[in-house]
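These notes are about the structure you will find just below.
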Amino acid sequence: MTAADQLAQYLASGLVVGGVYALIGLGFVIVYSVTRVINFAQGEFVMLGALLMVTFESRGLGAWAAFALTIACVAALGALLERAAVHPIANAPGLTILIVTIGASIALRGGALVVWGTDPFALPAFSAGPPLHFLGATIVRQGIWVLGVAAAVFAGLWFFFTRTYPGTAVRGCAINARAARLMGIPVERMWLLAFALSGALGAVAGAVIAPITYATYDMGLMLGLKGFVAAVLGGLVSPPGAIAGGFLLGVLESLSAGFLSSGYKDAVAFVVLIVIGLVQAAGWLPWRVAEEGET
Amino acid sequence: MTPGRRWALLAAAAVLIGAAGGMVRSTYVLGMLIFIALNGMAALGLSLVMGFAGQVSLGQAAFYAIGAYVSGVLTASYGWNGWLSVAAAVLAGAVSAFLVGLPVFRLSGLLLAMATLGFGIIVYYVLVNWSAVTGGPSGLTGIPPLAVGGFRFDTDARMLWLAWGCLLAVLGLAGNVVDSRIGRALRALHGSPAAAEAAGIATTKLKLGVFAVAGATTALAGALYAHYLTFINPSPFGFAFSVELVVMVVLGGTASLWGGVLGAAVVVLLAEGIRSLLPLLSASHAAAEYEIVVFGLVLMTFMILLPGGLAGLARRAA
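If you read the protein sequences in the order shown, they are chains A and B. Under this note's numbering, the first sequence has 676 at position 17, and the numbering climbs by one with no breaks. Under this note's numbering, the second sequence has 227 at position 180, and the numbering climbs by one with no breaks.
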């Protein structure tokens, strides 16, 4: 393999993983822009998406039915989390809400352990066939599915946020909750919608990545943290930023695993996190990472 | 709390712990009490950072790990004297916190939490990957227990005295600091950083100082942990422990020094309580798995019902 082929290979696998990080990052962005809550359970939504998809498919449901049912279940769970745990303390300090979502993520991980045990589950790829070759890189077919589904979700969200009434209302809340309320937008219902959407996004991410990585009860923590880094890379309140951040992080990870050391691959995201902090403090970032309390 | 009352309280606690070390025979109970002291010490440092400097660190486990590994490696691999290596560990904790804080404390709130989160996870990966020094994932064995002359802190009862002795000393010192001019400056900082700055308080220097002190106390707890277990590996020092420490501080209540210790006691007892109660309720073998579900749910319920933490509840009752 030539050096150029190698580079193409790392870029390709980085973009596939990056698509997943972008989906998870979008979940963080939607919840944070509307509610100023960092939802720590976001990674658990991904884990549940992967495991539910495996379960529904192995029960004989078709792939598309299983996919739809998985998304519906996790979206409902996101809504339930908002109603049962976040809503009652909506006025508490950010740290208190953060701890509540941490509690939720611990409980969900434990629940998954009870239901599915510690075994990793394999999911067949969405379509069978040999890997594809493209510009010197080899991509498994599921990689194409990941990128295709991610692109479809991005397009759907763009349409929702810019072309529909509820989407515009969500954006209104994100820009200024008080003004949105004065305009008659039911802000509380938007909180619910944001959590349901982030659950759906997590479920999509989990379902598409399951055939590539195996699904386990404890996969959520790392994926969630990576998605968070992707969101922060893009400024934390910008959906296009989160998408770009996800792809950038995926490629950075893949390149460093290929050219440096695979042992530190997972640390790359956190080096990025520190670097963004420093660069922002020095005022070199062309954009700002949103802080709690800003509107 | 007046200084007199605080020292009286600390002395009473010391007498109680001394008696417990002499009377309690169950190594299970003693082990739990030791872990309350160690976690309490780490949580105390973090509660200074969170409650008084108003900042959140999501990477505090890194300083616990630095304390444990510095003291462990120096004694087990290089044959250093135990106390000297504990001192080196505390120094390493303070210095590394200072170095992390130096660039990071120009950030605030969320960015600081993120940067410390990143630092904590990077330290974890270094412990796993730097096998030549840390022993990698399989860890480091043969760490000697601490000793004074021929008196070795190698039983649970003796370790209890040492751990609680250190905790009470740290509590006393921290209490003095909080009541001093520095403490008032810290409270001003927590109330409003801008106002504190306007009142002539060097806020960045102050936050850095608090962070270094927290790094030192957390590293001290880590070093004692290493000499207590005589074996360390990276797994207890991961992100989960950083989160657990934040939980202890918030559960206990951020606005009080005792809060962190109280929170540590609650978390240790809660985990143990759930572990021993669950098998009674369900005969299945899944008890260990239900444990983390219950822990998460209790944590959520607790925070929803008591946002001010236990210390807040005690203040309301008083």
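The C-beta atom is built at its ideal place from N, Cα and C for all residues, glycine as well.
Quiz item: If the cut is a Cβ gap below 9 Å, which residues of chain B does ASP637 of chain A touch?
Solution: What the structure shows of chain A is the stretch from 660 to 954, and residue 637 of chain A is not part of that stretch, so it cannot be assessed.
Self-check item: Residues of its chain near GLU912 of chain A, where Cβ-Cβ distance is below 6 Å and the 5 sequence neighbours each way are ignored
Solution: Taken in chain order, the residues that qualify are LYS924 and VAL927.
Quiz item: How many Å lie between GLY196 of chain B and LEU309 of chain B at the Cα?
Solution: Straight-line Cα distance between these residues: approximately 34 Å.
Quiz item: For ILE871 of chain A, which three-state DSSP category applies?
Solution: Here ILE871 of chain A sits in helix by DSSP.
Quiz prompt | Beta-carbon contacts of LEU129 of chain B that lie in its chain and below 8 Å, excluding the five residues immediately before and after | solution = Here the sequence assigns Gly to residue 129 of chain B, which means Leu is not the residue at that position. Excluding residues up to 5 positions away in sequence, SER118, THR122, PRO191, PRO192, LEU193, ALA194 and HIS274 lie with their Cβ nearer than 8 Å to the Cβ of GLY129 of chain B in the same chain.
Practice problem: Measure from the C-beta of GLY92 of chain B to each C-beta in chain A and report whether the shortest distance is under 9 Å. | Solution: Chain A, which has no Cβ nearer than 9 Å to the Cβ of GLY92 of chain B, makes this no.
Practice problem: Excluding the 5 residues preceding and the 5 following SER132 of chain B in the sequence, name in chain order all residues of the same chain whose CB lies nearer than 6 Å to its CB. | Solution: The answer, listed in chain order, is SER118, LEU121 and THR122.
Quiz item: Would you say the region 73-93 of chain B touches the region 295-314 of chain B, given that touching needs at least three Cβ pairs under 8 Å?
Solution: Cβ pair count under 8 Å is three or more, so yes.
Quiz item: With burial defined as no fewer than 16 other Cβ atoms inside 10 Å of the residue's Cβ, what is the status of VAL180 of chain B: buried or exposed?
Solution: In this structure VAL180 of chain B is exposed. Its beta-carbon is surrounded by fewer than 16 other beta-carbon atoms within 10 angstroms.
Quiz prompt | 9 Å Cβ cutoff met for ALA709 of chain A and LEU782 of chain A | solution = Yes, they are a contact pair.
Quiz item: Under 9 Å between C-beta atoms, does GLY762 of chain A make it to chain B?
Solution: Closer than 9 Å: yes.
Quiz prompt | Burial state of LEU63 of chain B (16 or more Cβ within 10 Å) | solution = Counting the other Cβ atoms within 10 Å of the Cβ of LEU63 of chain B gives fewer than 16, which makes it exposed.
Quiz item: If you pair each beta-carbon of the region 891-909 of chain A with each one of the region 739-748 of chain A, do three or more pairs fall below 8 Å?
Solution: Contact between the region 891-909 of chain A and the region 739-748 of chain A is absent, because fewer than three Cβ pairs lie under 8 Å.
Quiz item: Would you say GLN939 of chain A reaches chain B, if we count a Cβ-Cβ gap shorter than 9 Å as a contact?
Solution: For GLN939 of chain A, the answer is yes, since a Cβ of chain B falls inside 9 Å of its Cβ.
Quiz item: In or out: ALA84 of chain B buried (at least 16 other Cβ within 10 Å) or exposed?
Solution: The residue in question, ALA84 of chain B, is buried, as its Cβ has 16 or more Cβ neighbours within 10 Å.
Practice problem: Rounded to whole angstroms, what's the CA-CA distance from ALA859 of chain A to GLY219 of chain B? Just pull it up for me. | Solution: Going from the Cα of ALA859 of chain A to the Cα of GLY219 of chain B covers about 51 Å.
Exercise. Tell me whether ASP664 of chain A is buried or exposed, calling it buried when 16 or more other Cβ atoms sit within 10 Å of its Cβ.
Key: A residue is called buried once 16 or more other Cβ atoms fall within 10 Å of its Cβ, and ASP664 of chain A, having fewer, is exposed.
Exercise. In the DSSP assignment, find the beta strand (DSSP E) that holds ALA796 of chain A and state where it starts and stops.
Key: Counting along the chain, the beta strand (DSSP E) containing ALA796 of chain A begins and ends at 796-798.
Exercise. For chain A, find out if any of its Cβ atoms is closer than 9 Å to the Cβ of ALA287 of chain B; answer yes or no.
Key: It does; some Cβ of chain A falls within 9 Å.
Practice problem: Note down, in chain order, all residues in the region 738-760 of chain A with a beta-carbon under 7 Å from any beta-carbon belonging to chain B. | Solution: Those residues of the region 738-760 of chain A that come within reach of chain B (Cβ to Cβ, closer than 7 Å) are ALA744, PRO747, ILE748, ALA751, LEU754, THR755, ILE758 and VAL759.
Quiz prompt | Buried versus exposed call for LYS254 of chain B [16 or more other C-beta atoms within 10 Å across all chains shown] | solution = By the neighbour-count criterion, in which a residue is buried when 16 or more other Cβ atoms sit within 10 angstroms of its Cβ, LYS254 of chain B is buried.
Self-check item: Spatially closest choice to ASN223 of chain B from B:ARG199, B:LEU304 and B:GLY183, by CA coordinates
Solution: Closest option to ASN223 of chain B, judged by alpha-carbon separation, among B:ARG199, B:LEU304 and B:GLY183: B:LEU304.
Quiz item: Using the beta-carbon of each residue, which ones in chain A are nearer than 8 Å to PRO240 of chain B?
Solution: The contacting residues do not exist; PRO240 of chain B stays about 12 Å from chain A at best.
Practice problem: Using a Cβ-Cβ cut-off of 9 Å, state whether SER913 of chain A counts as contacting chain B. | Solution: Not one chain B Cβ lies under 9 Å of SER913 of chain A.
Quiz item: What does LEU158 of chain B reach in chain A if we use C-beta pairs closer than 7 Å?
Solution: Chain A residues near LEU158 of chain B: GLY936, GLN939 and VAL948.
Quiz prompt | Coarse secondary structure for ALA749 of chain A, derived from DSSP in three states | solution = Under the three-state reduction of DSSP, ALA749 of chain A is assigned to coil, being neither helix nor strand.
Quiz item: Looking at the unbroken beta strand (DSSP E) that takes in PHE793 of chain A, where does it start and where does it end?
Solution: Where PHE793 of chain A is concerned, the enclosing beta strand (DSSP E) starts and stops at 791-793.
Quiz prompt | Identity of the residues DSSP links to ILE279 of chain B by a beta bridge | solution = BP columns for ILE279 of chain B point to B:LEU187.
Quiz prompt | Spatial distance of ALA266 of chain B from ALA940 of chain A (CA atoms) | solution = Counting only the Cα atoms, ALA940 of chain A lies some 28 Å from ALA266 of chain B.
Quiz item: How big is the Cα-Cα spacing for GLY831 of chain A and ALA287 of chain B?
Solution: Cα to Cα, the separation comes out at about 36 Å.
Practice problem: Please report the residue range of the alpha helix (DSSP H) in which ALA833 of chain A lies. | Solution: Its alpha helix (DSSP H) spans residues 824-834.
Self-check item: Exposed unless 16 or more other CB atoms sit within 10 angstroms - verdict on VAL938 of chain A
Solution: Exposed, by the Cβ-count rule.
Quiz item: Where does GLU953 of chain A fall in DSSP's three states?
Solution: Residue confidence for GLU953 of chain A is low, a pLDDT of 46 falling below 50, so the modelled location carries little weight and cannot support an answer.
Quiz item: TYR337 of chain B touches chain A at which residues, Cβ-Cβ below 8 Å?
Solution: Per Cβ cutoff of 8 Å: GLY769 and VAL773.
Quiz item: For TYR125 of chain B, which residues from the same chain have a beta carbon less than 7 Å from its beta carbon, with the 5 sequence-adjacent residues on both sides left out?
Solution: Sequence-distant partners of TYR125 of chain B (beyond 5 residues in either direction) whose C-beta falls short of 7 Å from its own C-beta are missing from its chain.
Quiz item: Closest to GLY368 of chain B by CA distance: which of B:GLY106, B:ALA160, B:ALA243 and B:CYS213 is it?
Solution: Within the shown structure, residues of chain B are numbered from 48 to 365, placing residue 368 of chain B beyond reach of any answer.
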